[in-house]
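The next block holds one structure in the form of structure tokens; read it before the comments.
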Amino acid sequence: MEYQERTYRNRISKENLISFQIKVGETDLCISAEKDLTDIARKSVSKYRRFVEEYIKHRSQFLDSLVPIEPDEMAPAIVKDMLKASRISGVGPMASVAGAIAQYVGLDLLEYSDDVIVENGGDIFLKSESEINIGIFAGESPMSHKVALRVRPEDMPLGICTSSGTVGHSLSLGRADAVCVTSKSASLADAAATSIGNRVRKERDIKIALESGAEIEGVLGILIIAGDKMGAYGAIELV
49 MEYQERTYRN RISKENLISF QIKVGETDLC ISAEKDLTDI ARKSVSKYRR
99 FVEEYIKHRS QFLDSLVPIE PDEMAPAIVK DMLKASRISG VGPMASVAGA
149 IAQYVGLDLL EYSDDVIVEN GGDIFLKSES EINIGIFAGE SPMSHKVALR
199 VRPEDMPLGI CTSSGTVGHS LSLGRADAVC VTSKSASLAD AAATSIGNRV
249 RKERDIKIAL ESGAEIEGVL GILIIAGDKM GAYGAIELV
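First residue of the sequence shown: 49, per my numbering; consecutive thereafter.
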């Protein structure tokens, strides 16, 4: 996978935290915590990538399917989480991989830091004792970097994941500039963002996509940006 400069990584407010980058294979994380946890984070990333990669070796459809596949109670926890998010959202399991890795690495790091932000290609897991604002990157849309989500301490830990049909390499069947979903599960937020984004082919599709997303169990809030139009649903506070 070709590396893309993460031009949006300075859009997260993270005062008094130390930021560091972890790259393992295609996984490229920007992590902020109360101290430099590079070595611990690298081991965590490698562990969860290994779980996913080993699972794919004996169940190739986990990698290739664009629709949900059967659950597997013998799978590692991160894989079971991805399978569940896939089933709830109606997309393939790998639609949740970035959010899942961000979440599981973030949970590991919370043992060493009360404040943790893990960003994985625009998919975020965060837990903080203070309020955080997250700017929304929406490609060429005139609303890109003009809108931010405010996340309060009582709402965290939280997953915030973004799908785009116009930015990046992730597979989307739609043309939205940004579909941002919040959920207690970053795995679910990632899968749901893909599912909702697939429904946005034109600006007029925003309303029906919001309505479909609202039916996905576990989704707390949705923000859709398509061109110069925007729509929101649920527990979304914009600044």
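Virtual Cβ for every residue (Gly too), placed ideally from N, Cα, C.
Answer with yes or no whether the minimum CB distance from residue i to chain D is below 8 Å.
| i | result |
| --- | --- |
| Asp-276 | You won't find chain D in this structure, because it holds only one protein chain. |
Can you name, in chain order, every residue of its own chain whose Cβ lies under 6 Å from the Cβ of residue i, other than the five neighbours on each side?
| i | result |
| --- | --- |
| Glu-285 | Arg-198 |
| Leu-268 | Thr-230, Ser-231, Gly-282, Ala-283 |
Which residues does DSSP list as the beta-bridge partners of residue i?
| i | result |
| --- | --- |
| Ser-189 | None, per the DSSP bridge assignment. |
| Met-142 | Answer is none; Met-142 lacks a bridge partner. |
| Gln-69 | Cys-78 |
| Leu-174 | Ile-165, Leu-206 |
| Tyr-160 | DSSP, once it has assigned bridges, lists no residue as partnering Tyr-160. |
| Ile-270 | Val-229, Tyr-281 |
| Asn-181 | Arg-198 |
| Leu-111 | Answer is none; Leu-111 lacks a bridge partner. |
Cα-Cα, which of the options is closest to residue i?
| i | options | result |
| --- | --- | --- |
| Ile-172 | Glu-101, Asp-238, Pro-116, Ser-94 | Asp-238 |
| Thr-86 | Arg-97, Glu-74, Ile-66, Lys-105 | Ile-66 |
| Ile-244 | Ala-196, Gly-169, Gly-207, Val-139 | Val-139 |
| Pro-141 | Lys-255, Gly-170, Arg-107 | Arg-107 |
| Thr-230 | Leu-158, Lys-91, Gly-207 | Gly-207 |
| Thr-242 | Val-195, Leu-114, Ile-70, Tyr-103 | Leu-114 |
| Thr-210 | Ser-233, Asn-181, Ala-240 | Ala-240 |
My understanding is that residue i touches residue j, with C-beta atoms under 8 Å, so please give their C-beta distance in whole angstroms.
| i | j | result |
| --- | --- | --- |
| Val-93 | Val-127 | Contact flag wrong, Cβ pair sits at about 16 Å. |
| Asn-168 | Leu-77 | 5 Å |
| Ala-196 | Ile-272 | No, Ala-196 and Ile-272 are not in contact; Cβ-Cβ is about 15 Å, not under 8 Å. |
| Leu-157 | Ile-70 | With a Cβ gap of about 11 Å, Leu-157 and Ile-70 do not count as contacting. |
Would the beta-carbon of residue i be found less than 7 Å away from any heavy atom of the ligand PLP?
| i | result |
| --- | --- |
| Met-130 | You won't find the ligand PLP in this model; it holds no ligand whatsoever. |
Tell me which same chain residues have a C-beta within less than 8 Å of the C-beta of residue i, skipping the five on either side of it?
| i | result |
| --- | --- |
| Glu-121 | Lys-128 |
**Asked** Counting Cβ pairs, one atom from each stretch, are 3 or more of them under 8 Å apart for the segment 271 to 282 and the segment 129 to 149?
**Response** No, the segment 271 to 282 does not touch the segment 129 to 149.
**Prompt:** Within the chosen definition, does the segment 154 to 174 reach the segment 127 to 138 through at least 3 CB pairs nearer than 8 Å?
**Reply:** The segment 154 to 174, when compared against the segment 127 to 138, does not touch it at the 8 Å Cβ threshold.
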